[in-house]
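Participant: After the structure tokens below, expect a handful of questions from me.
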Amino acid sequence: DAGITQSPRYKITETGRQVTLMCHQTWSHSYMFWYRQDLGHGLRLIYYSAAADITDKGEVPDGYVVSRSKTENFPLTLESATRSQTSVYFCASRATGLGHEQYFGPGTRLTVT
Amino acid sequence: AQKITQTQPGMFVQEKEAVTLDCTYDTSDQSYGLFWYKQPSSGEMIFLIYQGSYDEQNATEGRYSLNFQKARKSANLVISASQLGDSAMYFCAMREIGSGGYQKVTFGTGTKLQVIP
């Protein structure tokens, strides 16, 4: 299916566990992004990537790791989950070029107990 | 420091009336872009409108228009003839160049709009 998908859609994990959230897009967009959405904070940028093997930190990168070995995939790993990382995580992609909007995945609701 | 500021956590508007959602931004880039997205209660993010920093005319898309005041660094969204389906969270976002030299997009905290019948 064309588009941008995230998996899992829902995840409950325990404090200290490693968790990986997956993001896959079929448009071959150069740019991909990870955001977390929390009440009162809007969407905060965690990491973004301009192309395969090019990533950069966003506003709130601590506790997260990303990689991008293939253009279509951009996994986000919580190395040792904490309760403060309970959130809804959105992945997005966009084409290179000034006016292109982002396309968002459906989100992953992560609960850390 | 907040790059995108949306000072209205919540707003009400009467159906069929116009409403303005405020957004101010902060960047030192000369070339940047401003976006508005809508997030209904179902959770998906819907692109509404885009304004480039060099665009001389305000962007319009149907009932949406973007009131771009570059000197004031504001990019307010105007929704004309509000409909019940406009009830949602609205986010302002900015594309600029990050420290690594690539384009990044950051968002404001959002405004929850409720349209009253």
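Chains as they are written, first to last, in my numbering: chain A, 13 to 125; chain B, 367 to 483. For glycine and all other residues, C-beta sits at the position ideal for the given N, C-alpha and C.
Have a look at Pro-118 of chain A and Cys-35 of chain A and give me their C-alpha separation to the nearest angstrom.
Facilitator: Distance between the alpha carbons of Pro-118 of chain A and Cys-35 of chain A: 10 Å.
Participant: Let me confirm a value: Ile-356 of chain B is counted as buried when at least 16 other C-beta atoms fall within 10 Å, else exposed. Which label applies?
Facilitator: Look at the range of chain B in this structure, 367 to 483, and you will see that residue 356 of chain B is not part of it.
Participant: Using a Cβ-Cβ cut-off of less than 8 Å, give me the residues of the stretch 31 to 49 of chain A that come near chain B, in sequence order.
Facilitator: For the stretch 31 to 49 of chain A, which is checked against every Cβ of chain B, the residues closer than 8 Å are Tyr-43, Phe-45, Tyr-47.
Participant: Measure the Cβ-Cβ separation of Thr-25 of chain A and Val-124 of chain A and say whether it is below 8 Å.
Facilitator: Yes, they are a contact pair.
Participant: What residues from the stretch 414 to 434 of chain B come within 8 Å of chain A, judged by C-beta to C-beta, listed N to C?
Facilitator: Taking 8 Å as the Cβ-Cβ cut-off against chain A, the residues of the stretch 414 to 434 of chain B that qualify are Tyr-416, Gly-418.
Participant: Since Leu-414 of chain B contacts Tyr-398 of chain B with CB under 8 Å, what's their CB separation in whole angstroms?
Facilitator: Rounded, the Cβ-Cβ distance is 18 Å, inconsistent with contact.
Participant: Taking C-beta pairs closer than 8 Å, name the residues in chain A that Ser-397 of chain B reaches, listed in chain order.
Facilitator: Here the neighbours are Leu-110.
Participant: Could you tell me which chain A residues have their CB closer than 9 Å to the CB of Glu-381 of chain B, listed as they occur along the chain?
Facilitator: In chain order: nothing, as chain A lies at least about 26 Å away.
Participant: Please list the terminal residues of the continuous beta strand (DSSP E) segment that includes Ser-465 of chain B.
Facilitator: Neither: Ser-465 of chain B is in no beta strand (DSSP E) and is coded neither H nor E.
Participant: Just how far apart, CA to CA, sit Leu-450 of chain B and Asp-50 of chain A?
Facilitator: One C-alpha to the other measures close to 25 Å.
Participant: Cα-Cα, which of A:Tyr-60, A:Cys-103, A:Glu-91, A:Pro-20 is closest to Glu-462 of chain B?
Facilitator: Glu-462 of chain B has its Cα closest to that of A:Tyr-60, out of A:Tyr-60, A:Cys-103, A:Glu-91, A:Pro-20.
Participant: Measuring alpha carbon to alpha carbon, tell me which residue in B:Cys-458, B:Lys-439, B:Ser-465, B:Gln-469 is nearest Leu-55 of chain A.
Facilitator: Selected option, being the one with the closest Cα: B:Cys-458.
Participant: For Leu-414 of chain B, name the three-state secondary structure that DSSP assigns.
Facilitator: If DSSP states are grouped into helix, strand and coil, Leu-414 of chain B belongs with the strands.
Participant: Grouping DSSP H, G and I as helix and E and B as strand, with all else coil, what is Glu-451 of chain B?
Facilitator: Here residue 451 of chain B turns out to be Gly, not Glu, going by the sequence shown. Correct three-state label for Gly-451 of chain B: helix.
Participant: Our contact map puts Phe-549 of chain B next to Tyr-416 of chain B with C-beta atoms below 8 Å; I'd like the distance itself, whole angstroms only.
Facilitator: This structure cannot settle anything about residue 549 of chain B, because the visible part of chain B is limited to 367 through 483.
Participant: Thinking C-beta only, is Gln-30 of chain A closer than 8 Å to Leu-88 of chain A?
Facilitator: Cβ distance not < 8 Å, so Leu-88 of chain A and Gln-30 of chain A don't count as in contact.
Participant: Can you list, in chain order, the residues of the stretch 466 to 477 of chain B whose Cβ is nearer than 7 Å to any Cβ on chain D?
Facilitator: Of the chains in the structure shown, none is chain D; the protein chains are A and B.
Participant: Using Cβ-Cβ distances below 9 Å, what residues of the stretch 51 to 65 of chain A are close to chain B?
Facilitator: Hits within the stretch, in order: Gly-52, His-53, Gly-54, Leu-55, Arg-56, Leu-57, Tyr-60, Ser-61, Ala-62, Ala-63.
Participant: Among A:Ala-64, A:Gly-70, A:Thr-108, which residue has its Cα nearest to the Cα of Ile-201 of chain A?
Facilitator: Only positions 13 to 125 of chain A appear in the structure, and residue 201 of chain A is not among them; the question remains open.
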